[in-house]
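Line by line, the protein sequences give chains A and B.
Start counting the first sequence at 1; every next residue gets the next number (this note's numbering).
Start counting the second sequence at 349; every next residue gets the next number (this note's numbering).
Glycine residues also receive a C-beta, built at the ideal position from the N, C-alpha and C atoms.
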Amino acid sequence: MTPTIGLIANPVSARDIRRIVANAGNLQITDRVNIVLRMLQAAHACGVQRALLMPDRGGIRALLERHLRRGHDASLPAIEFLDMEPTSTVDDTFAATRLLQRAGVAAIVVLGGDGTHRAVVRELVEADPGLPIAGLSTGTNNAFPEMREPTITGMAVGLYAAGRIDAADALLPHKLVEVQITGADGRTRRDVAIVDAVVTHDRSVGARALWKTSSLDAVYLAFADPQAIGLSAIGGLLQPVGRQAAGGLAVQLASDPAHALLHLTAPIAPGLVRPVPIAHWQRMVADEPLTVQLAAGTVALDGERELAFETGQTVTMTLRENAFFTVDAARCMAVAAQQGLLRVPVPS
Amino acid sequence: MAGNPFPQSKEQLLQAYRTMRTIRDFEERLHVDFGRGDIPGFVHLYAGEEAAGTGIMMHLGDGDRIASTHRGHGHCIAKGVDVVAMMKEIYGRKGGACEGKGGSMHIADLSKGMMGANGILGAGAPLACGAALAAKFRGKGEIAISFVGDGASNQGTFLESLNLAAVWNLPAIFVVENNGYAESTSRDYGVAVDSYVDRAAGFGLPGVTVDGTDFFAVHEAAGEIIQRARKGGGPALLECKMVRFFGHFEGDAQTYRGSGELDDIRSHQDCLKKFSAAVTSAGVIDAASLKAIDKEVLAVIENAVKQAKAAPQPTAADLTTDVYVSY
Chain A
1 MTPTIGLIAN PVSARDIRRI VANAGNLQIT DRVNIVLRML QAAHACGVQR ALLMPDRGGI
61 RALLERHLRR GHDASLPAIE FLDMEPTSTV DDTFAATRLL QRAGVAAIVV LGGDGTHRAV
121 VRELVEADPG LPIAGLSTGT NNAFPEMREP TITGMAVGLY AAGRIDAADA LLPHKLVEVQ
181 ITGADGRTRR DVAIVDAVVT HDRSVGARAL WKTSSLDAVY LAFADPQAIG LSAIGGLLQP
241 VGRQAAGGLA VQLASDPAHA LLHLTAPIAP GLVRPVPIAH WQRMVADEPL TVQLAAGTVA
301 LDGERELAFE TGQTVTMTLR ENAFFTVDAA RCMAVAAQQG LLRVPVPS
Chain B
349 MAGNPFPQSK EQLLQAYRTM RTIRDFEERL HVDFGRGDIP GFVHLYAGEE AAGTGIMMHL
409 GDGDRIASTH RGHGHCIAKG VDVVAMMKEI YGRKGGACEG KGGSMHIADL SKGMMGANGI
469 LGAGAPLACG AALAAKFRGK GEIAISFVGD GASNQGTFLE SLNLAAVWNL PAIFVVENNG
529 YAESTSRDYG VAVDSYVDRA AGFGLPGVTV DGTDFFAVHE AAGEIIQRAR KGGGPALLEC
589 KMVRFFGHFE GDAQTYRGSG ELDDIRSHQD CLKKFSAAVT SAGVIDAASL KAIDKEVLAV
649 IENAVKQAKA APQPTAADLT TDVYVSY
């Protein structure tokens, strides 16, 4: 099969209220398109012949097509847009993930923040958890996608998609937190977080973004990096848990700051370093559900309030290991160097 | 009942519903009356966009000023302009908000901080800068908001105003009501970079995008932006992604829309349906209370039309009043 990759680029990540309340950054659409072009050029240079892209009505497709109309760009693979009608909601990401999985792409490159990556993973774990993703960071609180020059991500994905590096060398397994809300009638809702599932006292999802420590109740983390920005930093600064380490971390906040075990100073959003009252914390063991204590509130998934729950509903958090895979760009490039994959012999 | 899960009080939620329902019924009624030929001039209806105007205006007082657009009825109602005076104005009758001499695109009521709808696209933004400068001098924490459509955001006046507001650090807020079409031109075609937040960034202003059909999202984001401006934090842009249920103007055949598009947005993106579902499923307001409001609002609109039709036309002598020159 022609080496093919998928691309899901979210035009609306990094547009939420944290630009007002926290001086968070804004990656402009033109720069997002430049990132896409750099990644695609690098992937093509390493063997990718075809790229299937999610269409959008937020400007990325329009600017890409304007670039392509300017003339044939031999440095790019053949670019096709998926046959779907954009709705400009997260449903586009879900639909595109399904279409890319059915099209048999070797990997899906995701351009967005934690929220966009979560949306792709949520769909993949249902359909094809073995299909790897590769992240390009453009969101606000990016704990999941690492900051890396897109050219390098494109090369790594290209080498894997072209079959020049095998899965054992190229892919990394990841954990996630599975959220389940069960009503008194036994009906359940399920969702996932790839970094943090956060229980808040807020009773409606409102503008979705989360930035007030006073509303936080508990934090459930798939991994906890002390260098992270966002709510996972709370765990990262208490008891770091690596991305590939066993288990996760659950942190219960103190409802009354005066009775907290300690106050942790944590970067909960860009520019917002705040004291967080901590009650206690514990490791999460894989496949062992923890029950949320709060009676009613919302669950924020990877930074956005998503699920409201009421009294009488039971919310559980379960850590799952080996839930999905990423293309490990650092490892791919190291393998490329060790095996001389990018050396071209000079004809004698 | 599990208590009120929303950050707004029950009274505020009822007020929000009443305002949105009033706008919807006002516009639905104009759609019918204009089609019958009862109304002079042109009307541009706000139906479908109610959550944005309502969610923003609930944070404002009469001392806060807004500059509206050609699609201004919803802004007027949400800002507290009397619906009878509005209806009379649209019918071109004496006793209208502007004595029947302005019509739909020129409704103003300075006592409510409503500086006027505006027939000139993009003309409201400089006016809002002026009002914001005055507010800054007054020092009472008042602000000014300019509403602008996605099409008018391409006007020089709008972009110049972003610059001026940034340079003078004005308590000015620019709300882009992005309903996807500049008259009949899709934003995909007519906007070079389809992000209004990016435009704000070009002038050093923060910008936020929200689902303009979600009252709760608009209300929360607008609250933060307005509070920031009141405290001297300066200008910002709020993009509300929304839908309009009618054409650009009444009589617009809307051949530019996709097949089934209108049915789809009325089914899935109706801000009133979304609001009603949220408050009733949370058990804060029951369906009967909403129905009672529906009934009251219908009577209010019916009365407004009745009074408008019964009101006299302006006379020739009225032409020389309310103007800057003495005759």
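C-alpha gap between residue i and residue j, whole angstroms
i, j, result
"Lys-579(B)", "Gly-489(B)", "7 Å"
"Ser-629(B)", "Ala-659(B)", "43 Å"
"Arg-486(B)", "Ile-573(B)", "20 Å"
"Gly-599(B)", "Pro-86(A)", "28 Å"
"Met-357(A)", "Leu-53(A)", "No information on residue 357(A) is available, as it lies outside the stretch 1 to 348 that chain A covers here."
"Gly-528(B)", "Gly-25(A)", "25 Å"
"Leu-210(A)", "Ala-193(A)", "15 Å"
"Arg-320(A)", "Ala-245(A)", "12 Å"
"Val-391(B)", "Gly-497(B)", "16 Å"
"Val-432(B)", "Ile-35(A)", "54 Å"
"Ile-371(B)", "Arg-118(A)", "38 Å"
"Ile-229(A)", "Arg-369(B)", "42 Å"
"Ile-5(A)", "Ile-165(A)", "15 Å"
"Asp-128(A)", "Gly-104(A)", "10 Å"
"Val-335(A)", "Gly-154(A)", "15 Å"
"Pro-583(B)", "Ile-491(B)", "9 Å"
"Ala-134(A)", "Tyr-160(A)", "11 Å"
"Ser-214(A)", "Gly-351(B)", "19 Å"
"Val-241(A)", "Ala-286(A)", "13 Å"
"His-454(B)", "Thr-417(B)", "9 Å"
"Leu-307(A)", "Val-653(B)", "44 Å"
"Val-110(A)", "Leu-512(B)", "38 Å"
"Gly-448(B)", "Gly-420(B)", "16 Å"
9 Å Cβ cut-off: residues of chain A touching residue i
i, result
"Pro-353(B)", "Asp-202, Arg-203, Ser-204, Ala-296, Gly-297, Thr-298, Ala-308, Glu-310"
"Arg-576(B)", "Ile-20, Val-21"
"Val-653(B)", "Near Val-653(B) there are no residues of chain A at all, since even the closest Cβ is about 36 Å away, more than 9 Å."
"Ala-656(B)", "By Cβ distance, chain A contributes nothing, its closest Cβ being about 38 Å from Ala-656(B), past 9 Å."
"Ile-573(B)", "Ile-17, Ile-20"
"Ala-584(B)", "Arg-19, Ile-20"
Secondary structure of residue i, DSSP reduced to three states
i, result
"Met-84(A)", "coil"
"Tyr-160(A)", "helix"
"Met-333(A)", "helix"
"Pro-355(B)", "coil"
"His-418(B)", "coil"
"Phe-563(B)", "helix"
"Thr-188(A)", "strand"
"His-596(B)", "coil"
"Ser-137(A)", "strand"
"Arg-18(A)", "helix"
"Asp-56(A)", "coil"
"Asp-618(B)", "coil"
"Gly-385(B)", "coil"
"Arg-50(A)", "strand"
"Glu-375(B)", "helix"
"Asp-457(B)", "strand"
"Leu-231(A)", "coil"
"Ile-491(B)", "coil"
"Ile-217(A)", "The question names Ile, yet the displayed sequence has Asp at residue 217(A). If DSSP states are grouped into helix, strand and coil, Asp-217(A) belongs with the strands."
Those residues which DSSP pairs with residue i across a bridge
i, result
"Phe-324(A)", "His-174(A)"
"His-280(A)", "Gln-252(A)"
"Asn-526(B)", "Lys-589(B)"
"Pro-275(A)", "Thr-265(A)"
"Ile-641(B)", "None; Ile-641(B) has no bridge partner."
Proximal chain B residues relative to residue i, where beta-carbon distance stays under 9 Å
i, result
"Gly-112(A)", "Simply none; closest approach about 14 Å."
Within chain A, partners of residue i - CB distance below 7 Å
i, result
"Lys-622(B)", "What Lys-622(B) touches in chain A: nothing, since even the nearest Cβ is about 12 Å away."
"Ile-649(B)", "What Ile-649(B) touches in chain A: nothing, since even the nearest Cβ is about 30 Å away."
"Gly-589(B)", "Residue identity differs from the one stated: residue 589(B) is Lys in this sequence, not Gly. Correct list: Ser-88."
"Ala-549(B)", "Asn-26, Gln-28"
Chain-ordered neighbours of residue i on chain B, where CB pairs are closer than 8 Å
i, result
"Arg-208(A)", "Ala-565"
Any chain D beta carbon closer than 9 Å to residue i
i, result
"Ala-630(B)", "In the displayed structure, chain D is absent; the protein chains listed are A and B."
Using a beta-carbon distance cut-off of less than 7 Å, what residues from the segment 552 to 571 of chain B approach chain A?
-> Pro-554, Gly-555, Val-556, Thr-557, Val-558, Phe-564, Ala-565, Glu-568, Ala-569
Mind checking the segment 408 to 426 of chain B against chain A and listing, in chain order, the residues whose C-beta falls within less than 7 Å of any C-beta there?
-> none
At a Cβ cut of 8 Å, what residues of the segment 1 to 35 of chain A count as close to chain B, listed as they run along the chain?
-> Pro-11, Val-12, Arg-15, Asp-16, Ile-17, Arg-19, Ile-20, Val-21, Asn-23, Asn-26, Gln-28, Ile-29, Thr-30
Quick one: which residues of the segment 40 to 69 of chain A get their C-beta closer than 8 Å to a C-beta of chain B? List them in chain order.
-> Arg-57, Gly-58, Gly-59, Ala-62, Leu-63
Looking at chain A, which residues of the segment 368 to 380 of chain B have a Cβ within less than 8 Å of any of its Cβ atoms?
-> none
Identify each residue in the segment 516 to 547 of chain B for which the Cβ-Cβ distance to at least one residue of chain A is less than 7 Å, and report them in chain order.
-> Asp-536, Val-541, Asp-542, Ser-543, Val-545, Asp-546
The segment 459 to 480 of chain B: which residues have C-beta closer than 9 Å to a C-beta of chain A, in chain order?
-> none
Proximal residues, the segment 236 to 265 of chain A versus chain B, C-beta separation under 7 Å = none
In chain order, what residues of the segment 71 to 96 of chain A put their CB closer than 7 Å to some CB of chain B?
-> Ser-88
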